[in-house]
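*Asks:* If you use the working numbering, the sequence shown corresponds to residues 1 to 168, in order.
Cβ coordinates follow ideal geometry from the N, Cα and C atoms, glycine included.
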Amino acid sequence: ICIMATDYKGDIIGVHLASIYRRGDWMKKIGTSISLDTMFDWSNAAEAREVHDKLLKLLGYNVWGLFDGQDCQVVAGDLLLCTSKESPFIGLGTELVRHGEMAAKEKECDLAFCVTTDSHTQGILRDNGYTLRSVVVLYDFRDEIGNRYLKDIDEDSSARVLCKNLKL
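Shown next as structure tokens:
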């Protein structure tokens, strides 16, 4: 799913991207686990990938695990929500989320989810009926000897997984 907003000149001022996952789509399941390996040369980024994977594991983030215990067949996973700071439109992020949900419903999605580290995005999602499933305070995200993995963050920064039932 790709929803894009432009201004009156045609310049892009906002984008919302999501991927569709269907229960039993084993080829896509295999693809989600190997796609990063095949798309990029990770030889210089092994440590970053390891940290990324540890964070997702702490969050309990597993696209395919969302089907377990849920009465759903199709899930929409948000990949990106961004708006231009120069956008003259108040509520643009909310509208992009709303239109993304409409597109997901047209694709028969039962559930939508998002991983975010941005508090403004979390606010938009919560205002649109998303519920918090898990949170990791990034300041406390440390290696085995106590060093923070992410050095350039505020004490209150956190990563969150949010979900919304689209069948309601």
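1) Would you please state the rounded distance, in angstroms, between the beta carbons of T116 and R160? I believe it to be under 8 Å.
2) Hey, out of G69, D140, E144 and E50, whose CA is closest to D154's CA?
3) Name the DSSP beta bridge partners of D78, please?
4) Once DSSP output is grouped into helix, strand and coil, what is the label at K164?
5) Does T116 come out as helix, strand or coil in the three-state DSSP assignment?
6) Where A18 and L79 are concerned, what is the direct C-alpha to C-alpha distance, given to the nearest angstrom?
7) Could you tell me whether the Cβ atoms of V74 and R133 are closer together than 7 Å?
8) For L132, which of helix, strand or coil comes out of DSSP?
9) With a threshold of 16 other CB atoms inside 10 Å of the CB of L111, please say whether the residue is buried or exposed.
10) Just the Cα atoms here: how many angstroms apart are H52 and Y149?
11) Taking the straight line between their C-alpha atoms, what separation do you get for S87 and K105?
12) Which residues bound the beta strand (DSSP E) around C2?
13) Is I153 helix, strand or coil by DSSP?
14) Quick check on V97: buried or exposed, where buried means 16 or more other Cβ atoms within 10 Å of its Cβ?
*Replies:* The short version:
1) Here the question's residue 116 lines up with position 116 in the sequence shown. Here the question's residue 160 lines up with position 160 in the sequence shown. Correct: roughly 6 Å between the Cβ atoms.
2) Mapped onto the sequence shown, residue 154 falls at position 154. When each option's Cα is compared against that of D154, the closest is D140.
3) To locate residue 78, count along the sequence shown from 1; it is residue 78. Looking at the DSSP output, D78 bridges to A18.
4) In the sequence shown, the residue the question calls residue 164 occupies position 164. DSSP, read as helix, strand or coil, puts K164 in strand.
5) What you label residue 116 is simply residue 116 of the sequence shown in a count that begins at 1. Collapsing the DSSP output to three states places T116 in a strand.
6) Taking the first residue of the sequence shown as position 1, residue 18 is located at position 18. Taking the first residue of the sequence shown as position 1, residue 79 is located at position 79. When rounded, the distance between both Cα atoms is 5 Å.
7) On the sequence shown, residue 74 is found 74 positions in, with the first residue counted as 1. On the sequence shown, residue 133 is found 133 positions in, with the first residue counted as 1. Not in contact: V74 and R133 (Cβ atoms no closer than 7 Å).
8) Taking the first residue of the sequence shown as position 1, residue 132 is located at position 132. DSSP, reduced to helix, strand and coil, places L132 within a strand of the structure shown.
9) Indexing the sequence shown from 1 puts residue 111 at position 111. L111 comes out buried.
10) Within the sequence shown, the letter at position 52 stands for residue 52. Within the sequence shown, the letter at position 149 stands for residue 149. Each residue's Cα considered, the two are about 10 Å apart.
11) For the purposes of this step, residue 87 is taken as residue 87 along the sequence shown, with counting starting at 1. For the purposes of this step, residue 105 is taken as residue 105 along the sequence shown, with counting starting at 1. Rounded to the nearest whole angstrom, the C-alpha separation of S87 and K105 is 27 Å.
12) Working through the sequence shown from its first residue, we reach residue 2 at position 2. Run containing C2: C2 to T6, per the beta strand (DSSP E) assignment.
13) Against the sequence shown, residue 153 aligns to sequence position 153. The answer is coil: DSSP assigns I153 none of H, G, I, E or B.
14) Taking the first residue of the sequence shown as 1, we reach residue 97 at position 97. So V97 counts as buried.
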